[in-house]
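Numbering (the working numbering), first residue to last: 665 to 1019.
Right, one structure below, let's go through it.
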């Protein structure tokens, strides 16, 4: 009995084959969409079908929605040949996100972001740029890019307070000085709360003393070679605090060693705590998924100044979209034409290969 060649393939090989076919299908669909406006303008479709939608569905397997989207998009690409050409590789949906923002002078820059950013991150970038242009926060002749630098504006929030909460607020305002505005008083209250929270966090390492079972067998043997397991556990309880003290002293004296890429909990936890586990980017409320090295770990081999970021804004950083990223978050600025180094290029190449 002859075995089926399909059954001879391993699960990994079947998956790989499916992925390759899927990529080929997307590529062919994109090329069909690139041809569609010319077929429509020259009315070629009329020889074979009643409408362009029927033609595209019958001969290209294209849906009505994507056909209409491609035809509507063409008027924004008439003077942007590079962006129009990008439809063949990146697809109509990604190009549509930035078509109205790009200009003939800036389409090269936008195409670079188009090719190197995920659709979700490109959507967030377009949304932020569009919002700044519409709000008049950016100036310049080329709407959407040539506006110099635009600060990433923080979110605004209105809070209504009354009753006991209002009484407490007015009491604190009197303490800080009635000449201060409500916003200034609220800022002082929040700064005090953050200071208290950070002070509390500094004492948390001592909690490890209540978990002696974490100590390794080798550590217990080193402490008391002839001791029973129970007595060794009790002895270990007094050491963790001293270990942290030595670490803190080393930091204070600026004694550093070459770090590994893995970020230890004692470094990771304060960084995440500083933003309550959220992204550092101004106005972003998404959970932090990456700890970003503004000075690039591959260059400095240390975890100084790490910034918690969501996946989207981590892409922003490695696409040159944030000016002053080595400085405090308050000084970050959106910058579409930022310079990239070889490390950013490696990141972008890796991301493209993984897609």
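A virtual CB, placed ideally from N, CA and C, is assigned to each residue, including glycine.
Exposure of residue 842, with buried meaning 16 or more beta-carbon neighbours within 10 Å: It is exposed - the Cβ of residue 842 has fewer than 16 other Cβ atoms within 10 Å.
Nearest neighbour of residue 761, chosen from 748, 783, 753 [CA to CA]: The option with the nearest alpha carbon to residue 761 is 783.
Contact the stretch 747 to 761 vs the stretch 692 to 699: 3+ CB pairs below 8 Å: The way I'd put it, the stretch 747 to 761 does touch the stretch 692 to 699; three or more beta-carbon pairs between them come closer than 8 Å.
Whether residue 997 touches residue 983 by CB criterion (7 Å): The answer is no: Cβ separation not under 7 Å.
Exposure label - residue 980; buried when at least 16 CB within 10 Å: Counting Cβ neighbours within 10 Å, residue 980 comes out buried, since at least 16 surround it.
For residue 844, three-class secondary structure by DSSP: The three-state reading of DSSP puts residue 844 in coil, since its state is none of H, G, I, E or B.
Cut-off 8 Å between Cβ atoms - residues of its own chain near residue 716, not counting five sequence neighbours on either side: Only 700, 703, 704, 709, 731, 735 meet the Cβ criterion.
Where residue 679 falls: helix, strand or coil (DSSP): Three-state result, residue 679: helix.
Touching by the beta-carbon criterion (3+ pairs, under 8 Å), the stretch 968 to 977 and the stretch 765 to 777: Contact fails: fewer than three Cβ-Cβ distances are below 8 Å.
Classification of residue 785 by the beta-carbon crowding that lies within 10 angstroms, buried from 16 upward: Buried, since its Cβ has 16 or more Cβ neighbours within 10 Å.
Range covered by the alpha helix (DSSP H) that runs through residue 933: Counting along the chain, the alpha helix (DSSP H) containing residue 933 begins and ends at 929 to 937.
7 Å Cβ shell around residue 867 - same chain, five flanking residues per side excluded: Model confidence at residue 867 stands at a pLDDT of 49, short of 50, so the residue's coordinates are unreliable; what they give is reported in the following sentence. Once the five neighbours on either side are set aside, residue 867 has no close Cβ partner at all.
Pairwise C-alpha distance: residue 969 and residue 835: Here the alpha carbons of residue 969 and residue 835 stand approximately 37 Å from one another.
Buried versus exposed call for residue 1016 [16 or more other C-beta atoms within 10 Å across all chains shown]: It counts as exposed.
Cβ shell of residue 741 (< 7 Å), same chain only, five flanking positions each side left out: Taken in chain order, the residues that qualify are 747, 748, 763.
Residue 967 and residue 1007 closer than 7 Å at C-beta: In this structure, residue 1007 does not lie closer than 7 Å to residue 967 by Cβ.
Under the three-state DSSP convention, the category residue 726 falls into: Coil at residue 726, not helix or strand.
Nonlocal neighbours in the same chain, by C-beta distance under 6 Å from residue 805, ignoring five residues either side: Caution applies to residue 805, whose pLDDT of 37 falls short of 50 and renders its modelled position unreliable; the value that the coordinates give is listed next. Here the set comprises nothing.
Identified DSSP bridge partners for residue 972: DSSP output for residue 972 lists 955 as bridge partner(s).
Distance CB(residue 953)-CB(residue 942) smaller than 7 Å: No.
Cutoff 6 Å; reference residue 726; Cβ partners in own chain excluding five residues on either side: Once the five neighbours on either side are set aside, the close Cβ partners of residue 726 are 720.
Delimiting residues of the alpha helix (DSSP H) encompassing residue 988: That residue, residue 988, is in no alpha helix (DSSP H); it is neither H nor E in DSSP.
Three-state secondary structure (DSSP) of residue 1003: In the structure shown, the three-state DSSP call for residue 1003 is coil.
Reduced DSSP category for residue 942 - H, G, I as helix; E, B as strand; rest coil: Residue state, collapsed to three classes: strand.
Option in 1005, 1000, 1014 with minimal Cα separation from residue 794: For the residues 1005, 1000, 1014, the minimum Cα distance to residue 794 belongs to 1000.
Cβ-Cβ distance between residue 756 and residue 733 below 7 Å: In this structure, residue 733 lies closer than 7 Å to residue 756 by Cβ.
Supposed close pair residue 1011, residue 977 - CB separation, criterion 8 Å: Not really, about 14 Å apart at Cβ, beyond 8 Å.
Coarse secondary structure for residue 1010, derived from DSSP in three states: Collapsing the DSSP output to three states places residue 1010 in a helix.
Residue 851 beta carbon less than 7 Å from that of residue 840: At the C-beta level, residue 840 and residue 851 stay beyond 7 Å of one another.
Boundaries of the alpha helix (DSSP H) in which residue 748 is found, first to last residue: Judged by DSSP secondary structure, residue 748 falls within the alpha helix (DSSP H) whose first and last residues are 745 to 749.
Simplified DSSP assignment, three categories, for residue 673: It is coil, neither helix nor strand.
Terminal residues of the alpha helix (DSSP H) in which residue 757 lies: 756 to 762 is the extent of the alpha helix (DSSP H) around residue 757.
Cα-Cα separation, residue 674 to residue 688: Cα-Cα distance, rounded: 21 Å.
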